[in-house]
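Q:
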Amino acid sequence: MSKVRDVATPSSKPESLGGLSKSEIFDLLRNQRRRFVLHYLKHYDGDGPVELGELATQVAAWENDVGVESVTSAQRKRVYTTLQQSHLPKLDEAGIVEFDAGRGKIRATEVVEDLTIYLEIVPSHEFAWHEFYLGLGAVGCALMAAVWAGIYPFTMVPGIVWGGVLSVALFAAAATQVYVQRDMGIGESAEPSELEFGP
Numbered sequence: 006m007s008k009v010r011d012v013a014t015p016s017s018k019p020e021s022l023g024g025l026s027k028s029e030i031f032d033l034l035r036n037q038r039r040r041f042v043l044h045y046l047k048h049y050d051g052d053g054p055v056e057l058g059e060l061a062t063q064v065a066a067w068e069n070d071v072g073v074e075s076v077t078s079a080q081r082k083r084v085y086t087t088l089q090q091s092h093l094p095k096l097d098e099a100g101i102v103e104f105d106a107g108r109g110k111i112r113a114t115e116v117v118e119d120l121t122i123y124l125e126i127v128p129s130h131e132f133a134w135h136e137f138y139l140g141l142g143a144v145g146c147a148l149m150a151a152v153w154a155g156i157y158p159f160t161m162v163p164g165i166v167w168g169g170v171l172s173v174a175l176f177a178a179a180a181t182q183v184y185v186q187r188d189m190g191i192g193e194s195a196e197p198s199e200l201e202f203g204p
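In the working numbering, the protein residues as written are 6 to 204.
1. Which residues bound the alpha helix (DSSP H) around residue 68?
2. Can you name the residues that DSSP bridges to residue 102?
3. Among 174, 52, 168, which has the Cα closest to the Cα of residue 138?
4. Just the Cα atoms here: how many angstroms apart are residue 165 and residue 183?
5. Among 178, 147, 112, whose alpha-carbon lies nearest the alpha-carbon of residue 136?
6. Do residue 46 and residue 99 have their C-beta atoms closer together than 9 angstroms?
7. Between the Cα of residue 54 and those of 80, 106, 142, spot the shortest distance and give me the residue it belongs to.
8. Span of the alpha helix (DSSP H) holding residue 184?
9. Under a three-way DSSP split, which group does residue 25 fall into?
10. Less than 9 angstroms between the C-beta atoms of residue 61 and residue 85, yes or no?
11. Is the separation between the beta-carbon of residue 148 and that of residue 101 shorter than 9 angstroms?
12. Given this structure, state the Cα-to-Cα distance separating residue 185 from residue 171, to the nearest angstrom.
13. Below 8 angstroms on the Cβ atoms is my contact criterion, and I expect residue 57 with residue 142 to pass it. Report the Cβ-Cβ distance as a whole number of Å.
14. Check each candidate in 163, 66, 72 and name the one with the smallest Cα separation from residue 38.
15. Please list, in chain order, all residues of the same chain as residue 15 whose beta carbon is under 8 angstroms from its beta carbon, the five residues on each side excluded.
16. From which residue to which residue does the alpha helix (DSSP H) around residue 152 run?
17. Do residue 104 and residue 93 have their CB atoms nearer than 9 angstroms?
18. Does DSSP put residue 157 in a helix, a strand or coil?
19. Alpha carbons only, please: which of 180, 158, 48, 68 is nearest the one belonging to residue 134?
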């Protein structure tokens, strides 16, 4: 009698996070108001649960591009109502936040940290880093081919020096990209990155 083992292949295993499929995650995150909620909770939730009123005021301020002190009662009420009746229950049901509707308190769960990869903001006018790296690689290959073929003036400098120059250029480009994109994630800065870049 032979034994058969059930081996799951990577393609047969659904990609999920906290029991949510990728499709469910993207469905939850496609709404800007929910992204603002997650940003606020991730950035400010260190001292305990957040009050619904405080959260609604901040989200209304971001949506209307005003300071929290300039939010009108109508703006706040509109956000408060939709957060209480729709967005927070949906995020709570998904296990992303803990929402105590009776007390009006919200807390992020550990799942929020794992959502970072889905939440990074890439603005529409972002520098095309992938094209830059492709160009740098093409220049490097052409340069090394010219040195290998003995084409003047590239042979005036040894190939090892050209390799060093290309390595430094690659390192400088990567360091610049890391610096420029350091605040692109949800909760990484005081305000959501998408406010800075707009739609």
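The beta carbon of each residue, even a glycine, is placed where N, CA and C say it ideally should be.
A: From the atom records:
1. For the purposes of this step, residue 68 is taken as the residue at position 63 of the sequence shown. That run of the alpha helix (DSSP H) goes 57-69.
2. The count along the sequence shown starts at 1 and reaches residue 102 at position 97. Residue 102 pairs with 113.
3. For the purposes of this step, residue 138 is identified with residue 133 of the sequence shown, where counting begins at 1. Closest option to residue 138, Cα to Cα, is 174.
4. The count along the sequence shown starts at 1 and reaches residue 165 at position 160. The count along the sequence shown starts at 1 and reaches residue 183 at position 178. Here the C-alpha atom of residue 165 lies approximately 27 angstroms from the C-alpha atom of residue 183.
5. The residue given as residue 136 occupies position 131 in the sequence shown. Nearest C-alpha to residue 136: 178.
6. As a first step, residue 46 is located in the sequence shown; it is residue number 41 there, counting from the start. As a first step, residue 99 is located in the sequence shown; it is residue number 94 there, counting from the start. Contact: no.
7. Taking the first residue of the sequence shown as 1, we reach residue 54 at position 49. Nearest of 80, 106, 142 to residue 54, Cα basis: 106.
8. For the purposes of this step, residue 184 is taken as the residue at position 179 of the sequence shown. Residue 184: member of the alpha helix (DSSP H) spanning 164-185, first to last residue.
9. The residue given as residue 25 occupies position 20 in the sequence shown. Secondary structure at residue 25: strand, using DSSP grouped into helix, strand and coil.
10. As a working note, residue 61 is residue 56 in the sequence shown. As a working note, residue 85 is residue 80 in the sequence shown. Yes, these two residues count as a Cβ contact at 9 angstroms.
11. Reading the sequence shown from its first residue, position 143 is the one you call residue 148. Reading the sequence shown from its first residue, position 96 is the one you call residue 101. Inclusion of residue 148 and residue 101 in the CB contact set at 9 angstroms is not warranted, their separation being larger than that value.
12. The count along the sequence shown starts at 1 and reaches residue 185 at position 180. The count along the sequence shown starts at 1 and reaches residue 171 at position 166. Each residue's alpha carbon lies about 21 angstroms from the other.
13. Mapped onto the sequence shown, residue 57 falls at position 52. Mapped onto the sequence shown, residue 142 falls at position 137. Incorrect: roughly 51 angstroms between the Cβ atoms, too far for contact.
14. As a first step, residue 38 is located in the sequence shown; it is residue number 33 there, counting from the start. Among 163, 66, 72, the Cα nearest to that of residue 38 belongs to 66.
15. Position 10 of the sequence shown, counting from 1, holds the residue named residue 15. Model confidence at residue 15 stands at a pLDDT of 38, short of 50, so the residue's coordinates are unreliable; what they give is reported in the following sentence. Excluding positions up to five away in sequence, the list is empty.
16. Position 147 of the sequence shown, counting from 1, holds the residue named residue 152. From DSSP, the alpha helix (DSSP H) with residue 152 extends over 134-154.
17. Here residue 104 is taken as the residue at index 99 of the sequence shown, counted from 1. Here residue 93 is taken as the residue at index 88 of the sequence shown, counted from 1. Yes, they are a contact pair.
18. Position 152 of the sequence shown, counted from the start, is the residue given in the question as residue 157. In the three-state scheme derived from DSSP, where H, G and I count as helix and E and B as strand, residue 157 is classed as coil.
19. Here residue 134 is taken as the residue at index 129 of the sequence shown, counted from 1. Shortest Cα-Cα distance from residue 134 to any of 180, 158, 48, 68 involves 180.
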